[in-house]
Amino acid sequence: MLSRVLRSNGVYRITTRPAFTVTKRHSHIDGVHRNTKDNNPTIKFEFNPQNQKEVEKIIAKYPEQYKKAAIMPLLDLGQHQHGYCSISVMNEVAKILEVPPMRVYEVASFYTMFHRKPIGKVNVGICTNIACALRGADDIYDAAKKYMKEHNEDGFFSLEEVECSGACANAPVAEVNNLYYEDLDKSSIIKVFEDLRKGQGKPGPVGGKRTSCEPEGERTSLFGKEPFDVKTVTRSDI
1 MLSRVLRSNG VYRITTRPAF TVTKRHSHID GVHRNTKDNN PTIKFEFNPQ NQKEVEKIIA
61 KYPEQYKKAA IMPLLDLGQH QHGYCSISVM NEVAKILEVP PMRVYEVASF YTMFHRKPIG
121 KVNVGICTNI ACALRGADDI YDAAKKYMKE HNEDGFFSLE EVECSGACAN APVAEVNNLY
181 YEDLDKSSII KVFEDLRKGQ GKPGPVGGKR TSCEPEGERT SLFGKEPFDV KTVTRSDI
């Protein structure tokens, strides 16, 4: 916060104002579980035989006293089997790892990749962190939300705002069922949705501007050849 002192009628007072503004938040992740007809502790969940073998493999990677470190991979496995991380999935993970259920709830409610409510067949997560925000992520989210409102009566899609996707060189980015669609804008995100409806979605950079994370325009630096000699530790053009 920035502050300044104002004098009025002989009285000094301090006023404050924000030092900067941040991008608007489009969604709120509810940190509290509320029982519903389809998501409550009375609904039993167990890993199927195939995933039970995966559970054993995952736990075997950790020392006995540290098997609670398997919370995240087991939640991910349960989410893939059940479709989302219901309260019963979380309770089963806690039971298997012999930890208080709250330890599992804490993890599931912290990370945005764990969905604690049912999602669509195609789940779209649009990153709105700084790199994506500077390149129009808010407008992309608004366009996606408008499309969902008008063309998603069957619940085929679900939309959420996510934290940094780690693909800042190709911002703005959307995660679609764990696959990245990059270099998006307001029109290309709609094209992505239409392609996904047809089963023709192609992850990666969108719009033909580039094929990877190379500069969109001409190179402005690093014109020399990349060093291939293991003894060479720096480039000659840096």
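In UniProt numbering, the protein residues as written are 1 to 238.
For each residue, glycine too, the CB sits at the ideal point set by N, CA and C.
Buried or exposed: which applies to methionine 90, given that a residue is buried once 16 or more other Cβ atoms fall within 10 Å of its Cβ?
Sequence index remark: in the sequence shown, residue 90 carries index 90 (1-based). Methionine 90 is buried by the Cβ-count criterion.
Say whether the region 170-183 touches the region 122-141, bearing in mind that this needs 3 or more beta-carbon pairs closer than 8 angstroms, one atom from each stretch.
yes
Looking at the unbroken alpha helix (DSSP H) that takes in asparagine 40, where does it start and where does it end?
Reading the sequence shown from its first residue, position 40 is the one you call residue 40. Looking at the DSSP string, asparagine 40 is not in any alpha helix (DSSP H), and its letter there is neither H nor E.
Inter-residue Cα distance where the pair is isoleucine 119 and glutamine 79:
Against the sequence shown, residue 119 aligns to sequence position 119. Against the sequence shown, residue 79 aligns to sequence position 79. Approximately 11 angstroms, taken between the alpha carbons.
Distance between lysine 225 and lysine 44 (C-alpha atoms, nearest Å):
For the purposes of this step, residue 44 is identified with residue 44 of the sequence shown, where counting begins at 1. For the purposes of this step, residue 225 is identified with residue 225 of the sequence shown, where counting begins at 1. Looking at the two C-alpha atoms, the distance is approximately 60 angstroms.
Alpha-carbon to alpha-carbon, lysine 53 and aspartate 76
Numbered from its first residue, the sequence shown carries residue 76 at position 76. Numbered from its first residue, the sequence shown carries residue 53 at position 53. Near 15 angstroms, if we compare the C-alpha coordinates of lysine 53 and aspartate 76.
Any chance you could list the alpha helix (DSSP H) runs of at least 4 consecutive residues sitting entirely within the region 86-147, in chain order?
87-97, 101-110, 130-134
Would you say valine 162 and leucine 184 are within 9 angstroms of each other, going by their C-beta atoms?
On the sequence shown, residue 162 is found 162 positions in, with the first residue counted as 1. On the sequence shown, residue 184 is found 184 positions in, with the first residue counted as 1. Contact: no.
Starting from the Cα of lysine 37, find the closest Cα among Ser88, Ala69, Leu74, Ile130 and give me that residue.
For the purposes of this step, residue 37 is taken as residue 37 along the sequence shown, with counting starting at 1. When each option's Cα is compared against that of lysine 37, the closest is Ser88.
Might you give, ordered along the chain, the residues of its own chain that have their beta carbon closer than 7 angstroms to the beta carbon of tyrosine 84, omitting 5 neighbours on each side?
Here the question's residue 84 lines up with position 84 in the sequence shown. Excluding sequence neighbours, tyrosine 84 sits near His115, Arg116, Lys117, Pro118, Ile119.
Quick one, which of Glu216, Thr42, Glu46, Glu150 has its alpha-carbon nearest glutamate 182's?
Here residue 182 refers to the residue found at position 182 of the sequence shown. Comparing Cα-Cα distances from glutamate 182 to each of Glu216, Thr42, Glu46, Glu150, the minimum goes to Glu216.
Sequence-distant residues of its chain with Cβ nearer than 7 angstroms to lysine 209 (five each side left out)
The residue you call residue 209 lines up with position 209 of the sequence shown. Taken in chain order, the residues that qualify are Asp183, Glu216.
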